[in-house]
Amino acid sequence: MVSESTATENPLRESMRFERAGRPCVVIIFGASGDLAKRKLLPALYRLVQQRILPAEFAIVGLSRTPMSHDEYRDRM
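Going by my numbering, the sequence shown wraps up at 119, each residue one higher than the last.
Following this line, the structure appears as structure tokens:
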């Protein structure tokens with residue numbers, strides 16, 4: 043029997059429809075000045091904040107071998 047394929051919603055997002063954020067947490071990024079952090083990790087975290095999925099008590103700690111100030115890091119990213 044052949045059935046038509048239909049687009050289905052992602053079942054993992056089903057539980058995220060409710061307005062709730064997780065418990066307070068800290069994300070530590072090793073290699074925070076690198077390409078992966080710039081292109082993938084930071085934009086993904088930004089989207090989670092915009093969608094209010096992350097808790098208000100959320101922090102990011104970035105570690106890198108490249109010495110730079112907070113302002114230099116913001117300009118670079």
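C-beta atoms are modelled at their ideal positions from N, C-alpha and C, and glycine is treated no differently.
Query raised in the report: Nearest CA to the CA of arginine 28: which residue from Arg65, Leu84 and Ile95?
Result: Summary: the structure shown does not reach residue 28, with the chain confined to residues 43 through 119, and so no result is reported for it.
Query - Sub-8 Å separation of isoleucine 95 and isoleucine 71 beta-carbons - result: No, they are not a contact pair.
Query - leucine 84 - containing alpha helix (DSSP H), residue span - result: It spans 84-92 - the alpha helix (DSSP H) in which leucine 84 sits, taken as one unbroken run.
Report task. Mark alanine 86 as exposed unless 16 or more other C-beta atoms lie within 10 angstroms of its C-beta, in which case mark it buried. Result -> Exposed is the call here.
Query raised in the report: Does the beta carbon of proline 97 fall short of 7 Å from some heavy atom of the ligand ADP?
Result: Ligands displayed in this structure: none; no statement on the ligand ADP is therefore possible.
Query raised in the report: What three-state label does DSSP hand alanine 98 in the structure shown?
Result: Note: alanine 98 maps to coil in three-state DSSP.
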